[in-house]
Amino acid sequence: MKGFVFSYLISMVYCWWEVGHMMTAQIAKNYLKDNRPDVLAWADSLVQDFNSLTDGKSNTFAEAAVWLDDIKETGTGFLNDWHYTDRPINPDGLLIKIDDQGRNINSIYAINQAVSVLTNQKTAKNRHTVFKAQMIRVLLHVIGDIHQPLHDVTFWNSSYPNGDAGGNFMKIQLSNGTLMNFHSFWDSGAVSFAPNNSFMARPLSQSDSQYLDKWSKELIAKFPKSKYSNYDMTNPSVWTYLGFRQAQQFVYPMIATSNSYNSDYEKQAIAFCEENLSIGGYRLGAKLIEIYDQILQNEAKLSLNE
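In the numbering used here, the protein residues as written are 166 to 471.
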């Protein structure tokens, strides 16, 4: 049993943190390839700018979506708040206090800051700066984070009077009896993204890159962008409500009372994760288009003024 638990925990390293993030970026990549290859070329060139300064595991467009998690081990804890937005779910009506830092410096802030740096008119003469190279990687990652429901909430009740940190303090019992961090359960797409401990390990092999591409196209076919024509594609504050509503209406109700789940819950969780990856990919693509079009406008204005 100990061997199983150890291998299982190792497999969790390759969940939303890696597989989910790479899938979101790959969906965006394939969408841009078909619709705005010029935007993909610009974004990918910024990703490449930073490659000599990484450990070699985030050198492609898809792999770079994991970079903001990679650097957690380098002492960059001051960026941790960029990964989530804690909207409170408080069914018991507890008196709660959300720290100002946690409320204002969050995933919405991170995306808006990245957009601000990438579209800054004062740097319009140079598309390639160290800060722009960093911020493209922030976008690739944080837009993925927002589409994992437990990155959009914190749950409060008598068991968690200070909040559960988006499920990180909560344990659930898997169908095999193993206890698992609830946040990790969703990070792993209800464990569907982690069949073994070498799945999609970076740097990706050629076969894994091909698999990622194939899988992303399958999700695009299953969840076509046309299905979301009435969805907001550019405002990250609105995006966080998707995860918040999912958490409020589905993610927490069963788990909060029993710390366990049934097969219907697992199937629905997997479906939510697959659809959210697709929506996240489309929104990432749309945000990159919006940014690049603003860059082109800035450059045009600069040319007229010279």
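Glycine included, every Cβ here is placed at the ideal spot set by N, Cα and C.
Asked	Found
Who are the near neighbours of D265 in its chain, counting only those whose CB is closer than 6 Å to its CB and skipping five residues on each side?	Only weak support is given to the placement of D265: the predicted model assigns it a pLDDT of 45, under 50, and the value that follows is read from those uncertain coordinates. Closer than 6 Å at Cβ, skipping near neighbours: no residue.
Output the distance between the C-alpha atoms of Y274 and H312, rounded to the nearest integer angstrom.	16 Å
Please identify the residue among F296, V212, N291, V356 whose C-alpha is closest to the C-alpha of N463.	N291
Spell out the partners DSSP gives L205 in its beta bridges.	Its beta-bridge partners do not exist; DSSP assigns none.
Exposed or buried, what is L304 when buried is set at 16 or more other beta-carbons lying within 10 Å of its beta-carbon?	buried
What's the call for F296, buried or exposed, on a 16-neighbour Cβ count within 10 Å?	exposed
Return the first residue and the last residue of the beta strand (DSSP E) that P253 is part of.	252-254
Return the chain-ordered list of same chain residues with a C-beta closer than 7 Å to the C-beta of V282, the five sequence neighbours on each side being excluded.	F296, K297, M300
According to DSSP, simplified to helix, strand and coil, what is Q266?	Unreliable placement is indicated for Q266, whose pLDDT of 45 sits below 50; no coordinate value is reported for it.
Under the three-state reduction of DSSP, which class applies to K336: helix, strand or coil?	strand
Measuring alpha carbon to alpha carbon, tell me which of G240, I454, N255 ends up nearest Q414.	N255
Please tell me whether N195 and I385 are closer than 8 Å, where the distance is taken between their beta carbons.	yes
I'd like to confirm the pairing. Which residues does DSSP put opposite N395 in its beta bridges?	BP columns for N395 are empty, so no partner.
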